[in-house]
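Protein sequence lines correspond, in order, to chains R and F.
When we follow this note's numbering, the leftmost residue of the first sequence carries the number 1, and every step to the right adds one.
When we follow this note's numbering, the leftmost residue of the second sequence carries the number 1001, and every step to the right adds one.
Just below is one structure, and these are the notes that go with it.
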Amino acid sequence: MGRYLLRRLGFALLLVFVVSSSALLLTQLAPGDVTTELATTMSPEDRARMRAELGLDRPLAVQYFAWLGGLARFDFGSSLLYSRPVSSLIGERALNTAVLATAALLLATLIGLPLGVYSGSQPRGMGPAAVRVFSVIGLSVPPLVGSLALVLIAARTGWFPVGGMTSATGVELSWAGWIADIASHMPVPVLALALPLAASLERLQSQAIAAARREPFVAASRARGLSAAGALVRHAWPVSLRPVLGLYGVMIGSLFSGSFVVEVVTSWPGLGRLMYDALKARDLYLVAGCAASGAFFLAAGAWIADILLAIADPRTRTGEAS
Amino acid sequence: VNRQPRLLLSVLLLAIVGYAGYHWWTGLRETPDEGTRVVIGEVNTRGGTLTSTLRSEPRSFNRMTHPQAATDIYATLTQGKLVRVNRATQEAEPSLAERWTVSADGTMYTLTLREGVAWSDGVPFTSADVVFSFEAVYHPKSGSQTGSALLINGAPLKVSAPDARTVVVQYPAAFGPGVKLLDNLILVPKHKLQAALDAGTFVQAWAAGAPLADLIAIGPFMLTAYEPGQRLVFARNPRYWKKDNTGQPLPYLDRLILEVVPDQNAELVRLQSGQIDMAQQQVRAEDIATLRPLVDQGKLQMLEVGVGTDPDVFFINLKASKWAKDPRGAWITRKEFRQAISHAVDREAFANTVFLGAGVPIWGPVTPGNANWFSPNVPRYPFSIERARALLTGLGLVNRDADEWLEDEQGTEVRFSVLTYKGNTSLERGAAVLRDDLRPLGIALDVSVIEQGALQTSMVKGDFDAIFFVYFASALDPAMSLDFWLSSGSANIWDITQSTPVFEWERAIDALMLKQAAAADPAERKRLFDQVQNIFAENLPALYFVAPRIYMGVNTRVGGLTPSVLRPQLLWSADHITVRAPQ
């Protein structure tokens, strides 16, 4: 199992390198640069001078290898937009995104998996039908609409703050108060992220458990006298986890690299917004840093999913065909 | 038979539940009216916190090197100027310079600084800070982006300081706006930034991650907390120099919070729910109806600031090389073609469709909102398909086949594309109206809605047929916007790469604008600028259709407001703003 995980770790590092390099090169190749937005306020000479100061007049290969040299020293360069090290900007935002993503993942899991087991194990009835309807709605509503609807509900009811991560008085609070303040700001963005994911998990888990229940070994366990619930929990559910865990890798990656729409609508200061601002302004080092961060989380998510899969299904770690 | 009463009962129950639910929903968050409504201009309450928004967060706290909107607002709240142009009256008023004299030839200004003024860290403000600020703004290695706004005929101002309270500013030539030019200089503290300028790190000195202790202020507020991506919190600067008419120190507010809310819909929801006191930007036309019930309930005031001074602009690429090998070049760069487009647009309908009625027809870049410089007598192009068609026929553009589009004598279809950018609803709707208005004339307009950065790139490279966008002028005095009016200006949008006039009318405008900028007599300056506007409207290098009326949504607990059509419309005089109930 150790070799298997090491191999996956190697792939993860390669992914981070390829994605961040591609992001840098593609941003550089795209028309315009960080000085373009100043075109109507600066003379062409001043713009040329600024481009030279920022090193943007150098050939693409020179810029790329200079960036790679920095990367070898864990230096992601300096943001052209903010005149600050990329690592410090990403560090500020990654933690915020991680808080949101962890909460959303937990909530989606706690809602999606039990409901999936429930609806998959009972093909008929009002309950499973209602679950399916809610899942289809959860999957169909675009994140923008879902976020705005939740913001509107929060604003109308006053149950939760409509945006931001902390209150303006947050810095004056004690540690416990500060954590409670963050928690009070989380329902809107967490629900906006978690509900569609919970719907995805429910659908996948439901289909997987329905398929697993038809397996001969489940029938055999029932024939040995195991109750329906016992057969479901002890035999059908572990087998059904394989496709669900496969989805987890992607979910962790997408959540931890920041959801732009949810972060913008709920004013959550995360990586998604930073990446969007960087892309808009063609801040190539910041784009590459954000992309590296996103790829890292994607790879980490896939790696964690692999570990869970290896634990849940011995065939994975032995390389046996499933 | 028994089912009918049950059905009726169910419908009745549903109706009752629905009615109760509606009342619960609409009644939520309603607070009793506290009566005393503060009117604009009333300044009798001290203390409290005002919460507003920023659409994007500052990339730096150095306005010289980062003149973007968020940094500009930060500087407005915390920094100072020698002389300020009052955004409401457009008159120059004393700020950190309490008075000034001007030499007979109008080129030398001697300014006397206020006595006893200090930066927020207690260090006295002196003429050395002024001289340093000029040095930094012109320094080639400072990364300053605002130096060009302090040039006259391309030459910098010369500054000397005979003593700690006197500054002498020598203009390279007479300049019509006079001392108003100094409104473009944000003063920075020498004792904090001299070392950075010497070390070549001025651009990083007040970066967004800089320690707050370094960000000293001389304006009404000082930054006490910056939570990246979330908010900026300002507290009253206890050393602020200004007092009100009764001798009470300003600002009135204890605290001012700017929440970073990137999405305008989310900002609207926050304004509706009372979580912010005012939005930073004007209310969109489509949101006015949404806010109207709150205005009727007395929770919100909708301030009509005036007619906007930055209308959406449509222009065709006039760069000669763009059309050199394109058969459309024979007619698309002709002024008659642009005049035909102007005739084809029904401006009243445009105002109703794009701005839902909250707009006024205009015929040039200067709108009625700029009362000092607006000329009502420029050539106009009333809506007339017949006159538009006659102009096009004169260019040889007629329908030569069975389709609905015109063709030139070579058979080239009269078709071109217009770029506009995403996220600005008035631009997107306006471009669609233009397309629909030109269609009956036989002109095919292909609208491309693209990302703002991509549009700017196309404009810089001259790689476009036409563009429909909004250009924000920083000043209302035309001599302070020479970048737009001169053919060599960086905002010569129809050919941004141009360094000398190409057309005869450009040459005429250049000459008149240079004369206008140098003239001292206001009446003469107005007369010359009226001529410029006439030439502009005759040749239409850029077409303007409607200027929106600007509305600001403000909670009724806020007072002491002096709205301006220029950005930031309300926070430019933040030191006089009050809130009714201290939080």
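The beta-carbon is built from N, C-alpha and C at its ideal position, and this holds for glycine as well.
Kindly indicate if chain R contains any beta-carbon less than 8 Å away from that of residue i.
{"i": "Thr1457(F)", "result": "yes"}
{"i": "Ile1316(F)", "result": "no"}
{"i": "Val1378(F)", "result": "no"}
{"i": "Ser1010(F)", "result": "no"}
{"i": "Val1130(F)", "result": "no"}
{"i": "Tyr1471(F)", "result": "yes"}
{"i": "Gln1281(F)", "result": "no"}
{"i": "Arg1037(F)", "result": "Below a pLDDT of 50, predicted positions are generally treated as unreliable, and Arg1037(F), at 37, falls in that range; the measurement from the model is reported next regardless. With 8 Å as the cut-off, Arg1037(F) does not count as an interface residue toward chain R."}
{"i": "Ala1574(F)", "result": "no"}
{"i": "Arg1029(F)", "result": "Confidence is the limiting factor: at Arg1029(F) the pLDDT is only 43, short of 50, which leaves the residue's position unreliable and the question unanswerable from this model."}
{"i": "Gln1204(F)", "result": "yes"}
{"i": "Gln1297(F)", "result": "no"}
{"i": "Ser1273(F)", "result": "yes"}
{"i": "Gln1145(F)", "result": "yes"}
{"i": "Val1168(F)", "result": "no"}
Does the Cβ of residue i have 16 or more other Cβ atoms within 10 Å, making it buried, or fewer, making it exposed?
{"i": "Met1278(F)", "result": "buried"}
{"i": "Asp277(R)", "result": "buried"}
{"i": "Glu92(R)", "result": "buried"}
{"i": "Tyr1252(F)", "result": "buried"}
{"i": "Lys1243(F)", "result": "exposed"}
{"i": "Gly1048(F)", "result": "buried"}
{"i": "Gly1489(F)", "result": "buried"}
{"i": "Asn1184(F)", "result": "buried"}
{"i": "Tyr1421(F)", "result": "buried"}
{"i": "Glu1506(F)", "result": "buried"}
List the residues of chain F whose Cβ lies closer than 7 Å to the Cβ of residue i, in chain order.
{"i": "Thr163(R)", "result": "Note that residue 163(R) is Gly in the sequence shown, not Thr. Ordered by position in chain F, the residues that pass the 7 Å Cβ test against Gly163(R) are Val1261, Ala1266 and Arg1270."}
{"i": "Pro31(R)", "result": "Ala1454 and Thr1457"}
{"i": "Ser174(R)", "result": "The contacting residues do not exist; Ser174(R) stays about 16 Å from chain F at best."}
Compare the C-alpha of residue i against each of the options and name the closest.
{"i": "Ala1444(F)", "options": "Asn1399(F), Asp1521(F), Glu1451(F) and Ala1069(F)", "result": "Asn1399(F)"}
{"i": "Leu1300(F)", "options": "Phe1464(F), Gln1275(F) and Glu1386(F)", "result": "Gln1275(F)"}
{"i": "Ala1289(F)", "options": "Val1565(F), Gln1569(F) and Tyr1551(F)", "result": "Tyr1551(F)"}
{"i": "Glu1304(F)", "options": "Asp1312(F), Arg1284(F), Leu1455(F) and Ala1390(F)", "result": "Arg1284(F)"}
{"i": "Val250(R)", "options": "Ser200(R), Lys280(R) and Arg234(R)", "result": "Ser200(R)"}
{"i": "Ser267(R)", "options": "Ile209(R), Pro189(R) and Val218(R)", "result": "Pro189(R)"}
{"i": "Leu1250(F)", "options": "Pro1220(F), Phe1234(F), Leu1182(F) and Leu1258(F)", "result": "Pro1220(F)"}
{"i": "Gly1396(F)", "options": "Val1414(F), Glu1404(F), Phe1383(F) and Tyr1381(F)", "result": "Val1414(F)"}
{"i": "Gly1298(F)", "options": "Val1558(F), Ala1574(F) and Lys1319(F)", "result": "Val1558(F)"}
{"i": "Gln1339(F)", "options": "Asp1310(F), Glu1348(F) and Ala1388(F)", "result": "Ala1388(F)"}
{"i": "Ala1371(F)", "options": "Thr1045(F), Pro1568(F), Ala1088(F) and Thr1126(F)", "result": "Ala1088(F)"}
{"i": "Thr1425(F)", "options": "Arg1527(F), Glu1286(F) and Glu1093(F)", "result": "Glu1286(F)"}
Using a cut-off of 9 Å between C-beta atoms, extract the partners of residue i located in chain F.
{"i": "Glu92(R)", "result": "Gly1209, Pro1228 and Gly1229"}
{"i": "Ala186(R)", "result": "This sequence places Met at residue 186(R); Ala is not what is there. Those within 9 Å of Met186(R) in chain F number zero; the least Cβ separation is about 14 Å."}
{"i": "Ala281(R)", "result": "Arg1059 and Gly1453"}
{"i": "Arg51(R)", "result": "Going along chain F, no residue has its Cβ under 9 Å from Arg51(R), so there is no contact; the nearest lies around 12 Å."}
Distance cutoff 8 Å, beta carbons only. Does residue i sit that close to anything in chain F?
{"i": "Tyr64(R)", "result": "no"}
{"i": "Arg214(R)", "result": "no"}
{"i": "Gly225(R)", "result": "no"}
{"i": "Thr166(R)", "result": "yes"}
{"i": "Pro189(R)", "result": "no"}
{"i": "Pro269(R)", "result": "yes"}
{"i": "Arg203(R)", "result": "no"}
{"i": "Thr36(R)", "result": "yes"}
{"i": "Ser293(R)", "result": "no"}
{"i": "Ala155(R)", "result": "yes"}
Name, please, each residue of chain R whose Cβ falls closer than 9 Å to the Cβ of residue i.
{"i": "Ile1550(F)", "result": "Near Ile1550(F) there are no residues of chain R at all, since even the closest Cβ is about 22 Å away, more than 9 Å."}
{"i": "Ala1491(F)", "result": "Ala39, Thr40 and Thr41"}
{"i": "Ile1496(F)", "result": "Ala39, Thr40 and Pro44"}
{"i": "Ser1148(F)", "result": "Thr41, Met42, Ser43 and Asp46"}
Using a beta-carbon distance below 8 Å, is residue i in contact with chain B?
{"i": "Arg84(R)", "result": "Included in the structure are the protein chains R and F, with no chain B among them."}
Is any heavy atom of the ligand NAP found at a distance shorter than 7 Å from the C-beta of residue i?
{"i": "Arg49(R)", "result": "In the structure shown, the ligand NAP is absent, as is every other ligand, since no ligand is present at all."}
Could you work out which residues of chain R lie near residue i, taking near to mean beta carbons separated by less than 7 Å?
{"i": "Gln1233(F)", "result": "Note that residue 1233(F) is Val in the sequence shown, not Gln. Here the neighbours are Ala168."}
Counting only runs that start and end within the stretch 1485-1556 of chain F, where is the beta strand (DSSP E) found for 3 or more residues in a row?
1546-1555
Any alpha helix (DSSP H) of 4 or more consecutive residues that is wholly inside the stretch 208-265 of chain R:
216-223, 228-231, 237-256 and 260-265
Sequence ranges, beta strand (DSSP E) only - wholly within the stretch 1411-1455 of chain F, length at least 3
1415-1421 and 1444-1450
What runs of the beta strand (DSSP E), each 3 residues or longer, lie entirely inside the stretch 1186-1257 of chain F?
1221-1227 and 1231-1236
Any alpha helix (DSSP H) of 4 or more consecutive residues that is wholly inside the stretch 142-193 of chain R:
143-157 and 175-185
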